[in-house]
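Here the working numbering is used: the first residue of the sequence shown is 1, the next is one more, and so on.
Even glycine gets a Cβ: it sits at the ideal position worked out from N, Cα and C.
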Amino acid sequence: MTFRPDLQGLRALAVILVVLAHAGVPGIAGGFVGVDVFFVLSGYLISALLVAEHARNGRIAMARFYARRLRRLLPALLAMMTLTTAAAAWLLSREEARTMLASTPFAASWTSNLFFALRTLDYFDELGARDLFLHTWSLGVEEQFYLIWPPLLAGVLWLSTRGVRALTALAALTLVGMLACVLWTHLAPIQAFYQMPARIWQFSLGATICLAIDRGTVRLNRTASLLALGCGLTLVLVSAISLDTATPYPGIHALAPSLGAAAIIAGGITATRNPLADVRLVWIGDRSYSIYLWHWPVLTFGAALGFDHSAAETAALLLLTLLLAMLTYRLIELPFWKGHLSHFAPRPVMLTGLLAITIAFAGSLHALWAPSSGERSKRDPELDIRLDMPVIYRMGCDSWISSAELSPCVFGEREASRTVVFIGDSIGAQWFSAFPALFPPPQWRVVVLTKSACPIVDEDIFYKRIGGIFEICSRWRADAIDAIVAQQPEAVIIGSGNGSALDARQWIEGSRRILARLSPHVGQILVLAGTPHLGMDGPGCLARAREQEHFPLIEACRGKPSSEKAARIAGHLREAARGLPNVVVFDPAPLVCPDGRCSAITAHGVPVFRDNQHLTDRFVRASAAPLRAALESVMALD
């Protein structure tokens, strides 16, 4: 197969999009489509090698193919995982490392995509963002494709000698696979994202282009090549700019970047002055595998260690990624790929590779889950902080995604003369233990209506954990508002987080519709704005600081909020409440993050956050009196 520098440039484009999206660079939230480009390109390149071998020898040497894949991919992967695991042991707390390395044995065996799919862990969710090897899901998809593709392609080529057109068979596989992916994304989006069968159409699309070129079906003149190249680049770049983490994916939205990649590959055959053949892009493309391997652990360590997401710190992390990639490419990739370690026979390579995978799998399982001496005999303070939640979560007051049925929890005396109803998600419900200080018994009864991840905004919510519209939330919220209107309580507390992907208009108008509906039927309404997000995992940082004896803890785990989103949304809520005299909007940010800086622990030793956004119940109880004092000046609490 003739070397095409433009395809190395396409690798560079794909990895640049992925890295910039993961680094949070504004305007490229959809850079994850770079993975789709990789899938199409892999399908093309692997099929080109196999088709050429079949043309030369009349067959495909399976053992040689698998040995080449092992030599090409496994050494760099295991090197990255070994160094990342060592860094986690050094930089993170024990429990934090165990959590963030949970996928290690599966990443080492190219099955992490199955691990994440079975855990129903969303690639875009903050829980997922803490796994150091989350990015290896795409390597699992590729390796599982490589496992089945040589015999499948050999079968297609054999059928072509019996009168069945191979190109037609591949095109049919691509079409059927794409339609299945769209349906799968609708029915089970998380599964469709991670599972190889939902992605096989992208590989077969690349293979279809390969066979069309090989059989002479695609013959583009210079003008057509430039047009295909331009359209392909446009499709990929527009997808990277227009899509975001709230887009149901892959599904139909994966079609544009995939077709774009196919057009770039086809158009680059005869195009002159191809921008992707630029020597700088080729240089990055040569190192794209190592760049991809390293970028996620580096960025994840940065987030765990409290980097403040500034442009300078992000640039430093990306520079470190590039440095590690250069070393990995020079010292590991090249020797096994083209150097003195590339000449071993296929069978020893396969046996050695399988042995390395087995050892890595078993060793990481043991390291992760075997308790150390005496480790389980004492309570873990980090775990205690993570579990420090209000009592309502032990009482089944929150049905989350399982049901739209209202399940109110009632606190206080039945004979209480006044009622306050709380309605909100987990960010609002975290303040539950402060409610008695605001609306004290015995005259007040508290009714709790809560559903996690369901903000009290009259808009459809795209919930990343389920990969679609949170319809249960919409039904539950409407029924809850109707119930409050029917009850006509003396007071209502509304509390929502800032995590939903709503724009300013949706926040203002959606909140306004809720408040306008409630306002005539209740005495007063308190809207608690969402709390700022800590720029790190609070319990993990505290555990790490204690183990490494970084004192005082308040300084070791302190920084600016991870974004200004909380302040913006508080402003939207105030705008929504304008003109409604019985509505008060309160922003708790000064209580949680005094002077604009958030800490994982107070000066009095009270942990503040049980992750990076939810408050501990201890902190809420300690803040009840200051919260009441702040509210007394703006609303009647007696």
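L383 has no beta-bridge partner at all, per DSSP. Excluding residues up to 5 positions away in sequence, E382, I385, R386 lie with their Cβ nearer than 6 Å to the Cβ of P539 in the same chain.
Contact between I265 and I209 holds, with the beta-carbon distance rounding to 5 Å and staying under 8 Å.
The beta carbon of A254 is closer than 6 Å to those of D36 in its chain, skipping five residues each way along the sequence.
When the Cα atoms are used, R597 and Y146 turn out to be separated by approximately 49 Å. Around C541, the same chain offers C557, A600 as residues with beta carbons nearer than 6 Å, after the five sequence neighbours per side are excluded. Straight across, the Cα-Cα distance linking L318 with L299 is about 8 Å.
Each of P150, F115, V156 was checked against the Cα of W137, and the nearest Cα belongs to F115. Counted as a single uninterrupted DSSP element, the alpha helix (DSSP H) harbouring Q8 occupies residues 5 to 22.
Excluding sequence positions up to five before and after D425, its CB lies within less than 8 Å of the CB of T450, K451, S452, A453, C454, P455, I456, G495, S496, G497, all in the same chain and listed in chain order. If you check the CB distance, A434 and L627 come in under 8 Å. In the three-state scheme derived from DSSP, where H, G and I count as helix and E and B as strand, F435 is classed as helix. Cβ contact annotation for L101 (same chain, cutoff 7 Å, sequence separation greater than five): T85, A88, L132, L368, in chain order. For G579, no alpha helix (DSSP H) encloses it, and the DSSP letter there is neither H nor E. With respect to Y249, D286 sits apart: the two C-beta atoms are not nearer than 8 Å. In this structure, the alpha-carbon of D398 lies about 59 Å from that of T217. Contact check between the stretch 186 to 206 and the stretch 223 to 235: fewer than three CB pairs, one atom from each, fall below 8 Å, which does not count as touching. Leaving aside the five residues that flank E95 on each side, the residues in its chain whose CB is nearer than 7 Å to its CB run, in chain order, D380, E382, L383, A543. The three-state reading of DSSP puts A491 in strand, counting E and B together. In the structure shown, Y329 falls within a helical segment according to DSSP collapsed to helix, strand and coil. Taking W337 as the centre and dropping the five residues before and after it, the same chain places the C-beta of R72 closer than 6 Å to its C-beta, in chain order. T270 and T234 have their C-alpha atoms spaced approximately 19 Å apart. Bounds of any alpha helix (DSSP H) do not take in I60, whose DSSP letter is neither H nor E. In the DSSP assignment, G497 falls outside any alpha helix (DSSP H) and carries neither an H nor an E. For the set V583, E564, T247, the Cα lying nearest the Cα of R517 is the one of V583. Around L615, the same chain offers Q430 as residues with beta carbons nearer than 6 Å, after the five sequence neighbours per side are excluded.
Proximity of the stretch 103 to 110 to the stretch 66 to 81 meets the contact definition, three or more beta-carbon pairs being nearer than 8 Å.
By the neighbour-count criterion, in which 16 or more other beta carbons inside 10 Å mark a residue as buried, V279 falls on the exposed side. Within a 10 Å sphere around the beta-carbon of L323 sit fewer than 16 other beta-carbons, which makes this residue exposed. The criterion of a C-beta distance shorter than 8 Å is satisfied by S42 and E142. Approximately 5 Å separates the beta-carbon atoms of P489 and V421; this is inside 8 Å, confirming the contact. In the three-state reduction of the DSSP assignment, C210 falls in the helix class, which pools H, G and I. Closest by C-alpha distance to L438, out of K565, V620, S310, is V620. If only uninterrupted alpha helix (DSSP H) runs of at least 4 residues are considered, those enclosed by the stretch 82 to 144 are 94 to 100, 104 to 108, 112 to 118.
Beta-bridge annotation (DSSP): S599 is paired with R558. One thing to note: A261 has its Cβ within 8 Å of the Cβ of V40.
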